[in-house]
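Here's the structure, in structure tokens; my notes come after.
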Amino acid sequence: MDICSIAVTCLIILNSLFITVFSTKDVAIDDNGYILFCPCMGRFGNQMDYFLGTLGFAKALNRTLVLAPWVEYRMYQPKSIQVPFDEYFRVDAVARFHPAITMETFMDEIAPTIWPPEKRISFCHQKRQSFGGKPNDPCASKNGNPPGPFWDTYEIDFVGSELHGPLSYDVHNVPGEAERWRHRYPADRWPVLAFAGAPASYPVLEQNAALQRHFQWSDKVARRAAAIKSRLPVGPYVGVHLRLGSDWEKACEHVRDAASNMFSSAQCLGYRREHGKLSHALCYPPWSTVVRQVRRAVKRVQAVALYVATDAPDRLGPLRRALANSDLEIVTGQPDGSDGDSDPHADLAVLGRANFFIGNCVSSFTAVAIRERAALGLPSGFWTFPPEPERRSQRPDDEL
Ligand code: GFB
């Protein structure tokens, strides 16, 4: 062999070595493996809880987290829409804590090498009856909406299911569980664990709540929040979340069992309800209490403005009337002051930086702002919590 052919052979070997270590766009392949999941339940607040739990799970298993897109639902559209993770949050902030890449990067640059179509197995704890799991497709990973549209967005079909029970996602409270996962699914034989749902619980486990500090708003969201803030007068402001929509009103009617938690109520009541009991007022606070708490908060931080985030701007009448004679400027997410939908992520980003924040303890949307603020050391409170002693003469709401 002459020197030229030796050089060419060396180059070919080097090149193929390079391809096994790096994929097409120089994204290093993680030998410890990957975790993929579908945040297939609920809206933003619910999905955020799943992201926090899945990040905790990926950290415990020491696998790269593939950041799923957010699943959204649009009026009159029969299928969910998948919004890339980095539309709302910075990937680099998560990745500083634990290796993480977006689903788009994974599918474009990693999947062709380590997860070709014939190796795509979906994971679930046990046969998923409610999803229509059948003996030949027990995880029913693509049944219905959003699972079908979610995986279809990335042209993912599964060739089989893996029931991972009795292994659970609770790697914090079940001693040795992370090690059992690693032992049963070593990364060399199972480079990708793709979960039909999120390997996490709702509400988020206590141990994972603080992971919110690794989720920083994307530049796009930050810009939209800055545009809202430019409409606030200069000075301190109080931010409030008023969850008032009819879906919420109905959900709150089910608050009968004070001996349990509901949605995110552990954020004020405690995971073992050590700080209080669930009540209808905690879920759907009376206007009299809302106004009183707003006034107190405004006084506390000498606020010049009140930022109101709500899912039902058409229901703010009692608050507006009660504060009509004050100097306080009331600002909502709608630039034109209309009753249209506001931008939920920008709303949260504005609430996250308010001088004081009051939210709904039961709502997982509030929980996002509460956790972000806790990470920043900013003060927050909840409507009707802690409950005040009964007052003898409370004015009815419409007389505020
Ligand atoms: O986020 P989420 O799970 O919080 O769902 P809850 C509520 C959705 O309503 C949010 C919109 O994702 C937003 O799209 N929304 C709520 C808001 N508040 C605001 C707001 O202040 N501003 C804007 N722009 N949008 C629970 C669900 O909702 O509601 C449960 O978690 C169930 O699964 C229950 O559906 C009825 O925890 O508040």
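Just add 8 to wherever you are in the sequence shown, counting from 1, and you've got my numbering.
Quick reminder that beta carbons are idealized off the backbone N, C-alpha and C, glycines included.
Here the structure is a predicted model, which means the values were calculated and not measured.
Roughly how many whole angstroms lie between the Cα atoms of residue i and residue j?
i	j	result
residue 267	residue 285	7 Å
residue 29	residue 167	With a pLDDT of only 45 at residue 29, under 50, the local geometry of the prediction cannot be trusted, and the value read off the model is given with reservation. Going from the Cα of residue 29 to the Cα of residue 167 covers about 26 Å.
residue 272	residue 291	10 Å
residue 128	residue 204	12 Å
residue 394	residue 149	42 Å
residue 82	residue 397	43 Å
residue 118	residue 126	15 Å
residue 156	residue 260	31 Å
residue 213	residue 333	44 Å
residue 3	residue 330	Because residue 3 is not part of the residues shown, which for the chain are 9 to 408, the question remains open.
residue 184	residue 178	10 Å
residue 102	residue 241	33 Å
residue 57	residue 378	13 Å
residue 380	residue 275	13 Å
residue 295	residue 243	26 Å
residue 137	residue 107	34 Å
residue 298	residue 338	14 Å
residue 100	residue 162	22 Å
residue 283	residue 37	46 Å
residue 281	residue 35	45 Å
residue 3	residue 196	Lying outside 9 to 408, the shown extent of the chain, residue 3 is not represented and no answer is given.
residue 94	residue 202	20 Å
residue 255	residue 194	44 Å
residue 215	residue 386	20 Å
residue 120	residue 248	46 Å
residue 278	residue 264	18 Å
residue 344	residue 124	50 Å
residue 188	residue 181	14 Å
residue 31	residue 335	With a pLDDT of 46 at residue 31, under the threshold of 50, the modelled position of that residue is not reliable, and no figure is offered here.
residue 319	residue 206	26 Å
residue 464	residue 160	This structure gives no information on residue 464, because the portion of the chain shown stretches from 9 to 408.
residue 230	residue 84	29 Å
residue 145	residue 262	35 Å
Going by Cα to Cα distance, which pick from the options is closest to residue i?
i	options	result
residue 77	86, 69, 90	90
residue 50	373, 144, 294	373
residue 447	346, 72, 289	No answer is possible for residue 447: it lies beyond the span of the chain, which begins at 9 and ends at 408.
residue 326	300, 84, 281	300
residue 46	37, 38, 59	59
residue 130	171, 248, 338	171
residue 352	386, 232, 192	232
residue 143	169, 158, 159, 123	169
residue 219	384, 36, 37	384
residue 122	323, 199, 265	199
residue 208	182, 230, 176, 188	176
residue 250	230, 324, 217, 262	324
residue 86	158, 145, 375	158
residue 375	262, 230, 217	217
Who are the Cβ neighbours of residue i in its own chain at under 8 Å, not counting the five residues just before and after it?
i	result
residue 246	302, 305, 306, 309, 311, 313, 314, 315, 362, 363, 364, 365, 366
residue 388	364, 365, 366, 367, 377, 378, 381, 382
residue 257	292
residue 328	338
Could you name the residues of the same chain whose beta carbon sits closer than 6 Å to that of residue i, not counting the 5 residues immediately before and after it, in chain order?
i	result
residue 132	147, 204
residue 270	286, 370
residue 54	210, 372
residue 97	223, 226
residue 347	321, 322
residue 72	38, 42, 107
residue 139	148, 151
Within the same chain, show all residues whose beta-carbon is closer than 7 Å to that of residue i, passing over the 5 residues directly before and after it, in chain order.
i	result
residue 173	133, 134
residue 154	48, 79, 88
residue 293	391, 392
residue 164	128
residue 105	222
residue 341	236, 317, 350, 351, 354, 355
residue 190	69
residue 110	75, 92, 93, 94, 99
residue 192	175
Ligand 2 heavy atoms versus the CB of residue i: any closer than 7 Å?
i	result
residue 50	The ligand content of the structure shown is limited to ligand 1, which means ligand 2 is not among them.
Item to check | Runs of beta strand (DSSP E) lying entirely within the stretch 303-358, each at least 3 residues, in chain order | outcome: 313-318, 337-340
Item to check | At least three beta-carbon pairs within less than 8 Å, the stretch 59-68 to the stretch 226-236 | outcome: no
Item to check | Start-end ranges of the alpha helix (DSSP H) lying completely within the stretch 182-211, minimum 4 residues | outcome: 185-192
Next on the checklist: As an exercise, report each continuous beta strand (DSSP E) stretch of at least 3 residues that is fully enclosed by the stretch 230-255, in chain order.
Outcome noted: 245-250
Item to check | contact_flag[the stretch 230-240, the stretch 351-358] where n(CB pairs < 8 Å) is 3 or more | outcome: yes
Checklist entry - At which residue ranges does the stretch 128-191 contain complete alpha helix (DSSP H) runs of 4 or more residues, listed in the order of the chain? => result 155-160
Checklist entry - Counting Cβ pairs, one atom from each stretch, are 3 or more of them under 8 Å apart for the stretch 35-47 and the stretch 98-114? => result Flag = yes, the stretch 35-47 and the stretch 98-114 touch.
Checklist entry - Which runs of the alpha helix (DSSP H) spanning at least 4 residues fall entirely within the stretch 362-400, listed in chain order? => result Runs found: 372-384.
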